[in-house]
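Using the working numbering, the first residue of the sequence shown is number 257, and each one after it goes up by one.
For glycine and all other residues, C-beta sits at the position ideal for the given N, C-alpha and C.
Following: one structure in C-alpha cells, then a few remarks.
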Amino acid sequence: MWTQEARELHKPRCARYPSDLTDAEWALIEPMIPPPRKGGRKRETDMREAMNAIRYVLRTGCQWRELPKDFPPRSTVYNYFWEWSRYGVLDRIHHALLVKCREAEGRETSPTAAIIDTQSVKATEKGGDTRIRSAMMQARR
C-alpha cells in the first residue's frame, strides 16, 4: 500500500527544468527583485518565470533565440537580464545566496583568507620610485 511518505517521495516533479527555482530559493530572491516602474503599463511578466528563463540560459549555455517557448518572450527576458546585470540586482542575489550557503555549512559569511600566486607577485617587479630610476639613469651616463 502507498503511504503518505511514499507518495511524497514518488510524486511527479513540478519543475519543468532542473534550473527552475525552488520555492525556498524564490522566497530568498523575490524581495530583491525591483518593483515595477511607476506609470505606463502594468507589469505582465511573472518575475519568477523571467528568473527561471535567465537561469536556464546561464545553466545550459543556449542562445537567447533558443529559449524554449514556455518561458516569457526572449526579448523580455533578455531586457530583464541586461537591466538586472547593469544595476547590480544579480550581484546582490548572488551575494545573498552565497552568504546563506556559507552559513548552512557553518562557515563565516565572508572569507578571511587571501591567496597570492606567483603571477601576481611578478606583476609588481618593475615598479619603484621614479626618483630612484632617474638617479640610476644619470649614474649610468
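- As the crow flies, the alpha-carbon of Gln-319 is around 42 Å from that of Gln-260.
- In the displayed model, Thr-278 falls within coil according to three-state DSSP, outside both helix and strand.
- Contact between Leu-284 and Leu-353 holds, with the beta-carbon distance rounding to 7 Å and staying under 8 Å.
- Contact check between the segment 302 to 319 and the segment 327 to 337: three or more CB pairs, one atom from each, fall below 8 Å, which counts as touching.
- Just so you know, the alpha carbons of Arg-321 and Arg-342 end up roughly 21 Å apart.
- For Cys-357, the secondary structure class from DSSP, reduced to helix, strand or coil, is helix.
- In the three-state scheme derived from DSSP, where H, G and I count as helix and E and B as strand, Gln-260 is classed as helix.
- At the C-beta level, Arg-272 and Asp-326 come within 8 Å of one another.
- Shown here, Leu-346 sits in a helix according to DSSP, grouped into three states.
- Under the three-state reduction of DSSP, Glu-305 is assigned to helix.
- Straight-line measurement puts the Cα of Thr-368 at about 31 Å from the Cα of Asp-279.
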